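Numbering (this note's numbering), first residue to last: 103 to 548. We put the beta carbon where it would ideally sit given N, CA and C, even for glycine. Bear in mind the structure is a predicted one, so any value in this text is a computation, not a measurement.
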Ligand SMILES: Cc1cc2nc3c(=O)[nH]c(=O)nc-3n(C[C@H](O)[C@H](O)[C@H](O)COP(=O)(O)OP(=O)(O)OC[C@H]3O[C@@H](n4cnc5c(N)ncnc54)[C@H](O)[C@@H]3O)c2cc1C
């Protein structure tokens with residue numbers, strides 16, 4: 103292979119890596135991506151939020167995404183055993199975000215992003231990158247092994263910015279032994295695709311997230327099939343059977359919200375297993391390296407922020423660093439300052455998403471919803487109560503769509519609502535995601 107000197111080397115050809123490669127190619131910045139070609143037939147990350155649509159528009163692929171996907175008008179949240187049901191429509195974000203998103207079969211979606219990056223001129227190397235840790239002025243550094251450089255045709259003395267887009271493998275952080283901040287969740291997820299799993303309680307394309315008797319579930323309508331996943335504690339998973347197949351089948355049988363819709367359902371794929379945790383790497387960049395997508399941090403799948411953080415993360419990196427021109431790569435101080443701005447932004451996003459997700463796990467969101475419904479029915483001067491309810495819904499919907507997730511006002515509003523505007527509604531604990539089986543609910547239903 104001829105020796106080249108790309109200024110940016112991306113490790114990992116998932117959504118974050120391919121999006122960054124495509125954005126850099128649009129700027130004419132030479133970029134090389136290590137692709138280990140590991141793409142299972144079935145991958146989680148199928149439900150997208152409106153915040154990613156502007157990235158598709160920037161990459162010029164929205165039409166192609168729409169062709170392979172189901173259009174998603176919003177998301178609904180159910181609580182088991184007759185609990186509340188909340189329906190969020192993306193129409194609420196009109197004016198500052200597209201009023202729709204998509205549900206996409208993942209391997210096809212990844213393939214599209216990769217093809218687009220190639221069409222725009224990014225170079226891919228079919229190899230797993232091998233990495234070596236080092237230090238520079240007592241800062242952790244990372245470089246490609248001699249073998250990886252040779253495989254990629256990189257000159258031995260070539261200096262490039264290395265970008266970690268290796269997802270939850272977190273190749274850079276592991277090689278450099280960087281620490282990470284861990285969140286509260288430590289669950290396990292099982293999922294598969296089904297045919298004839300009824301999805302008739304909501305608008306077509308609407309995703310349903312359910313708080314179950316144990317854990318929670320997703321139902322994501324894809325073209326011709328439904329993706330069904332459960333997320334439960336590792337302890338509870340053991341009570342569901344020995345194999346992933348047994349566990350998913352048992353959960354669907356035992357959970358009334360799922361069982362009622364699965365009477366005709368046929369599983370048409372193997373059952374995949376994923377761990378679920380929440381994690382943020384202690385630092386996002388260093389001399390000559392930067393983290394992007396899941397490799398930087400993983401929020402939690404409940405509100406589907408994963409691909410948003412990967413795609414918008416790549417977009418942020420492009421904007422904070424490369425918008426200033428490729429020369430910045432030869433100006434260490436300016437580069438460090440730009441990477442610092444990018445990292446701060448990502449950490450802010452991460453924490454804002456975590457704060458929002460917590461309202462859904464601990465049940466406060468359902469209290470806010472019930473209180474809002476009560477309030478909107480009360481007569482009030484100038485219809486103030488119902489206006490307040492609409493205002494709150496718009497902010498919550500926008501936060502969950504990737505619009506106002508970080509907005510100080512929206513976050514403050516949520517805190518205010520959950521503290522002060524929740525009269526005459528049950529305790530949040532009634533709607534919280536439980537790690538074990540809710541014995542009280544099961545006994546009541548029996
Ligand atoms: C249970 C669960 C459900 C989820 N549901 C959703 C959802 O509905 N919506 C959503 O938006 N997100 C969801 N996610 C999150 C989403 O899947 C991820 O956020 C997203 O895939 C991250 O993209 P990425 O490009 O950062 O990493 P990845 O998609 O993991 O891509 C990383 C790539 O790098 C490759 N790689 C690793 N090491 C190397 C190496 N040394 N050399 C070369 N290549 C390497 C890997 O093989 C992989 O191809 C879910 C996650 C979980 C766990």
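(request) Please confirm whether any heavy atom of ligand 1 lies closer than 6 Å to the CB of residue 409. (result) For this step, residue 409 is matched to residue 307 along the chain shown. Answer for residue 409: yes, Cβ within range of ligand 1.
(request) Check whether the Cβ of residue 327 lies closer than 7 Å to any Cβ atom in chain D. (result) The chain labelled as chain D is not found in the depicted structure, where only one protein chain is given.
(request) Tell whether a beta-carbon distance below 7 Å holds between residue 290 and residue 377. (result) Sequence index remark: in the chain shown, residue 290 carries index 188 (1-based). Sequence index remark: in the chain shown, residue 377 carries index 275 (1-based). The answer is yes: Cβ separation under 7 Å.
(message) Could you check whether residue 401 and residue 266 sit closer than 7 Å to each other, using their CB atoms as the reference points?
(response) On the chain shown, residue 266 is found 164 positions in, with the first residue counted as 1. On the chain shown, residue 401 is found 299 positions in, with the first residue counted as 1. Taking 7 Å as the Cβ cut-off, residue 266 and residue 401 do not qualify as a contacting pair.
(message) DSSP has residue 245 in a bridge; who is on the other side?
(response) Position 143 of the chain shown, counting from 1, holds the residue named residue 245. The bridge partners DSSP lists for residue 245 are 234.
(message) Below 8 Å, how does it come out for the segment 181-189 and the segment 329-347: are there three or more Cβ pairs, yes or no?
(response) By the Cβ test, the segment 181-189 is not in contact with the segment 329-347, since fewer than three Cβ pairs between them sit closer than 8 Å.
(request) Look at the alpha carbon of residue 419 and the alpha carbon of residue 441, and state the distance between them as a whole number of angstroms. (result) Taking the chain shown and counting its residues from 1, one reaches residue 419 at position 317. Taking the chain shown and counting its residues from 1, one reaches residue 441 at position 339. Cα-Cα distance, rounded: 8 Å.
(message) Quick check on DSSP: helix, strand or coil for residue 550?
(response) No information on residue 550 is available, as it lies outside the stretch 103 to 548 that the chain covers here.
(request) Taking only heavy atoms of ligand 1 into account, decide whether any of them is closer than 6 Å to the Cβ of residue 174. (result) Position 72 of the chain shown, counted from the first residue, corresponds to residue 174. Not so, every heavy atom of ligand 1 lies at least 6 Å from the Cβ.
(message) Does the distance between the C-beta of residue 205 and the nearest non-hydrogen atom of ligand 1 fall short of 6 Å?
(response) Against the chain shown, residue 205 aligns to sequence position 103. No, since every heavy atom of ligand 1 falls outside the 6 Å radius drawn around the Cβ of residue 205.
(request) Return yes when the Cβ of residue 342 is within less than 7 Å of the Cβ of residue 349, no when it is not. (result) As a first step, residue 349 must be located in the chain shown, where it is residue number 247. As a first step, residue 342 must be located in the chain shown, where it is residue number 240. Taking 7 Å as the Cβ cut-off, residue 349 and residue 342 qualify as a contacting pair.
(message) Can you tell me whether residue 152 is buried or exposed? The criterion is at least 16 other CB atoms within 10 Å of its CB, across all chains shown.
(response) The residue given as residue 152 occupies position 50 in the chain shown. It is buried - the Cβ of residue 152 has at least 16 other Cβ atoms within 10 Å.
(message) Could you tell me the alpha carbon to alpha carbon distance between residue 487 and residue 389, rounded to whole angstroms?
(response) Indexing the chain shown from 1 puts residue 487 at position 385. Indexing the chain shown from 1 puts residue 389 at position 287. Each residue's alpha carbon lies about 53 Å from the other.
(request) Would you be able to state if there are at least three C-beta pairs under 8 Å between the segment 300-309 and the segment 162-177? (result) By the Cβ rule, the segment 162-177 counts as touching the segment 300-309, because three or more pairs are nearer than 8 Å.
(request) Assign residue 474 to one of three DSSP states: helix, strand, or coil. (result) Position 372 of the chain shown holds residue 474. In this structure, residue 474 counts as helix in the three-state DSSP scheme.
(message) Report the CB separation of residue 373 from residue 294 in whole angstroms; it is logged as a contact under 8 Å.
(response) Indexing the chain shown from 1 puts residue 373 at position 271. Indexing the chain shown from 1 puts residue 294 at position 192. Sure, about 5 Å apart at Cβ, within 8 Å.
(request) Return the Cβ separation of residue 222 and residue 109 in integer angstroms, given the expectation that the two are a contact with Cβ distance under 8 Å. (result) Mapped onto the chain shown, residue 222 falls at position 120. Mapped onto the chain shown, residue 109 falls at position 7. About 16 Å separates the two Cβ atoms, so there is no contact after all.
(message) Tell me the DSSP secondary structure of residue 182 in three-state form.
(response) What you label residue 182 is simply residue 80 of the chain shown in a count that begins at 1. DSSP places residue 182 in the coil class of the three-state scheme, outside both helix and strand.
(request) Alpha carbon to alpha carbon, how far is residue 170 from residue 375? Give it in angstroms, no decimals. (result) Taking the first residue of the chain shown as 1, we reach residue 375 at position 273. Taking the first residue of the chain shown as 1, we reach residue 170 at position 68. Those two C-alpha atoms are separated by around 24 Å.
(request) Determine the contact status of residue 391 and residue 244, defining contact as a CB-CB distance below 7 Å. (result) The count along the chain shown starts at 1 and reaches residue 391 at position 289. The count along the chain shown starts at 1 and reaches residue 244 at position 142. Between residue 391 and residue 244, the C-beta gap is smaller than 7 Å, which places the two residues in contact.
(request) Tell me whether residue 363 is buried or exposed, calling it buried when 16 or more other Cβ atoms sit within 10 Å of its Cβ. (result) Counting from 1 along the chain shown, the entry for residue 363 is found at position 261. By the C-beta density criterion, residue 363 is buried, having at least 16 other C-beta atoms within 10 angstroms.
(request) Give the DSSP bridge partners of residue 135, in chain order. (result) For the purposes of this step, residue 135 is identified with residue 33 of the chain shown, where counting begins at 1. In the DSSP assignment, residue 135 is bridged to 112 and 226.
(message) So, with DSSP's three-state summary, where would you put residue 140?
(response) Looking up residue 140 in the chain shown gives position 38. The answer is coil: DSSP assigns residue 140 none of H, G, I, E or B.
(request) May I ask you to check if the CB of residue 269 is nearer than 6 Å to at least one heavy atom of ligand 1? (result) To locate residue 269, count along the chain shown from 1; it is residue 167. Checking every heavy atom of ligand 1 against the Cβ of residue 269, one is found closer than 6 Å.
(message) I want to know whether the segment 311-329 touches the segment 420-440 - three or more CB-CB distances under 8 Å.
(response) Contact fails: fewer than three Cβ-Cβ distances are below 8 Å.
(message) Beta-carbon within less than 8 Å of residue 495's beta-carbon, same chain only, minus the 5 sequence neighbours each way: which residues are those?
(response) Within the chain shown, numbered from 1, the residue matching residue 495 stands at position 393. If the five residues before and after residue 495 are omitted, its C-beta is found closer than 8 Å to the C-beta atoms of 190, 194 and 474, all from its own chain and listed in chain order.
(request) Give the straight-line distance between the Cα atoms of residue 103 and residue 139, rounded to the nearest whole angstrom. (result) The residue given as residue 103 occupies position 1 in the chain shown. The residue given as residue 139 occupies position 37 in the chain shown. Low local confidence applies: a pLDDT of 43 at residue 103 is under 50, so the model's placement there is unreliable, and no value is given.
(request) Tell me residue 318's beta-bridge partners as DSSP assigns them. (result) Translated into the one-based positions of the chain shown, residue 318 becomes position 216. 313 and 333, per the DSSP bridge assignment.
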